[in-house]
Amino acid sequence: MKPASPAAMPARLVTGRSALGAVLVAMGDEGIVAIMLGDNPESLHHAALASFPGARPVHDRMADRTLAAVLACIDTPWRSPDLKLHIQGTPFQQQVWQALRAIPCGSTVTYTELAARIGRPGAVRAVAGACAANRLAVVIPCHRVIRSDGSLSGYRWGVGRKQWLLERERAGMSPDR
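In terms of the numbering used here, the sequence shown opens at residue 730 and continues consecutively.
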């Protein structure tokens with residue numbers, strides 16, 4: 730039996746505010762299917778509906794707890810709570826996303842290094858594509874991947890957010906903390 734595509738899954742949506750702006754969490758029956766960042770909840774809601782037709786906003790205790798846990802991941806990434814995720818993608822994407830989750834908080838790697846880590850040194854562009862396809866902002870930390878020259882490159886949720894996340898992680902990991 731073929732697993733349901735993300736678009737076919739019923740999703741429940743909850744939105745909130747963080748230091749990064751609006752946050753939308755989409756939850757399926759098996760866990761969080763998307764964490765989206767943006768400037769306003771309405772645009773995130775429309776983007777979520779494009780990915781998950783039939784999704785509906787919810788306001789209940791479970792949704793509030795899930796949103797609070799996601800917001801904690803943003804505010805204190807060095808203490809990220811264990812979230813139930815429903816990660817869906819191609820086998821290659823899943824391999825890249827697993828490698829992303831192994832990058833320590835406060836650290837960065839290049840796209841080239843990440844490709845080498847998964848045993849696919851010639852797949853740098855494909856690795857970048859998998860990072861761009863990541864629906865789970867912050868908890869699958871594609872923001873920890875930088876260009877070979879050390880500069881920040883495109884980030885699905887905005888380079889300014891990527892920079893903020895990296896600075897926040899480094900500040901939290903400093904010995905002064």
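Positions of the beta carbon are idealized from the N, C-alpha and C atoms, including for glycine.
Rounded to the nearest angstrom, what separates residue i and residue j at their Cα positions?
i	j	result
Ser836	Arg785	36 Å
Val799	Val754	8 Å
Gly858	Thr795	28 Å
Ala801	Gly883	24 Å
Gly851	Gln824	15 Å
Ser780	Arg741	12 Å
His774	Glu898	27 Å
Arg873	Gly848	19 Å
Pro739	Pro810	24 Å
Arg846	Arg885	22 Å
Check each candidate in the options and name the one with the smallest Cα separation from residue i.
i	options	result
Pro833	Gly767, Asp758, Gly901	Gly901
Leu812	His872, Arg873, Gly757, Ala845	Gly757
Arg890	Val867, Asp878, Pro770	Val867
Pro770	Val787, Pro739, Arg746	Arg746
Cys860	Val853, Arg854, Cys871	Cys871
Val762	Ala751, Ser880, Leu778	Leu778
Val752	Asp878, Pro739, Val743	Val743
How would you label residue i, buried or exposed, when you count the other beta carbons within 10 angstroms and need 16 or more for buried?
i	result
Ala736	With a pLDDT of only 48 at Ala736, under the threshold of 50, the placement of this residue in the model should not be trusted, and no figure is reported.
Glu896	exposed
Gln892	exposed
Val856	buried
Val681	The chain is shown from 730 up to 906; residue 681 falls before or after that span and cannot be answered.
Met791	exposed
Gly767	buried
Roughly how far, in whole angstroms, is the beta-carbon of residue i from the beta-carbon of residue j, given that I think they are within contact range, below 8 Å?
i	j	result
Leu814	Ala828	No, Leu814 and Ala828 are not in contact; Cβ-Cβ is about 15 Å, not under 8 Å.
Ala748	Asp804	7 Å
Thr839	Ile875	6 Å
Ile869	Trp826	5 Å
Ala776	Gly818	In fact, because the Cβ distance is near 18 Å, the residues do not count as touching under 8 Å.
Leu865	Ile764	5 Å
Starting from residue i and walking both ways along the alpha helix (DSSP H), at which residues does that stretch end?
i	result
Arg854	853-862
Ile803	790-804
Phe821	820-830
Tyr840	840-846
Leu865	Run containing Leu865: none; DSSP gives neither H nor E here.
Leu773	770-780
For the beta strand (DSSP E) containing residue i, name the first residue and the last one.
i	result
Ser747	741-747
Val754	750-757
Ala763	760-767
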